[in-house]
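Here the structure comes first, spelled out in structure tokens, and everything after it is commentary.
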């Protein structure tokens with residue numbers, strides 16, 4: 001059993017997408033960002049950076065259990081996706097070459113799309129003070145990253161490899177709130193096509209039931225995370 005410490009931010013949703021897609025047994029442990037539960041000592045022991053998501057795997061993959069034994073905590077969404085993909089031997093490609101390709105795009109999302117789109121959403125929607133320079137800078141950089149992904153998806157069904165992978169799972173939740181990011185998917189036809197194909201997957205439908213419309217609502221988990229710098 002895997003405990004998923006969760007709030008429905010893009011990074012939290014990507015891990016839940018993986019778990020639903022693969023059918024690994026898990027239970028959700030809600031973490032209220034508005035109540036500051038990410039700073040609780042018990043959570044700090046699992047996630048030293050005070051951020052969600054985090055997991056505790058009560059049946060760790062062979063060779064990964066802590067030296068003292070017992071369950072294995074993992075924090076950082078990209079690390080969690082990679083750990084779970086390796087453990088389950090799912091969604092990480094069918095060859096060494098595909099694995100390298102998938103990891104490149106996973107790290108691209110972690111280093112670029114997530115941080116830049118997150119800042120765009122923060123300054124466009126949540127900041128108490130309007131900062132035109134920041135809005136312009138992050139909206140344009142997010143548009144550039146959308147174009148990178150749109151170009152990548154030309155003639156492709158998935159971001160990396162020949163099948164659905166953790167690269168797609170990592171990127172999708174950061175495309176869902178495209179409107180708060182200042183982006184129109186009609187400007188990115190390949191990305192829009194890919195987005196619609198992922199949106200209609202049964203696992204995606206289950207994860208996003210009741211979630212798609214919360215991004216611009218005051219007090220939503222995404223707003224709490226953005227204001228706290230914890231998205």
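Residue numbers (UniProt numbering): 1 to 231. A virtual CB, placed ideally from N, CA and C, is assigned to each residue, including glycine. This structure is a prediction, so every number in the text was calculated from the model and none was measured.
- Sixteen is the threshold: when 16 or more other Cβ atoms of the shown chains lie within 10 Å of the Cβ of residue 165, as they do, the residue is buried.
- No residue range can be given for residue 123, since it is assigned to no alpha helix (DSSP H) and is classified by DSSP as neither H nor E.
- Residue 27 has 3 as its beta-bridge partners, per DSSP.
- Selection 43, 95, 56, 104 evaluated against residue 27 yields 56 as nearest (Cα-Cα).
- Residue pairing by DSSP places residue 45 opposite no residue, since no beta bridge is assigned to it.
- DSSP assignment within the UniProt domain "GST C-terminal" (95-222) yields no whole beta strand (DSSP E) run of 3 residues or more.
- Linking residue 110 to residue 185 through their CA atoms gives a straight-line distance of about 21 angstroms.
- When the beta-carbon positions are compared, residue 173 and residue 121 stay at least 9 angstroms from each other.
- Taking every protein chain shown into account, the CB of residue 1 has fewer than 16 other CB atoms within 10 angstroms, so this residue is exposed.
- Checking the DSSP bridge columns, you'll see residue 39 has no partner listed.
- Within the DSSP bridge table, the entry for residue 55 names 4, 74 as partners.
- Residue 10: member of the alpha helix (DSSP H) spanning 10-22, first to last residue.
- CA-to-CA, the gap between residue 47 and residue 191 works out to about 33 angstroms.
- Between residue 21 and residue 91 the beta-carbon gap is near 7 angstroms, inside 8 angstroms, which marks them as a contact.
- Residue 94 is positioned such that its CB atom lies closer than 9 angstroms to that of residue 163.
- Taking every protein chain shown into account, the CB of residue 15 has 16 or more other CB atoms within 10 angstroms, so this residue is buried.
- Taking C-beta atoms as the reference points, residue 182 and residue 143 count as a pair closer than 9 angstroms.
- With a threshold of 16 other beta carbon atoms within 10 Å, residue 140 falls short and is exposed.
- In the structure shown, residue 81 falls within a helical segment according to DSSP collapsed to helix, strand and coil.
- CA-CA distance, residue 207 to residue 103, rounds to 23 angstroms.
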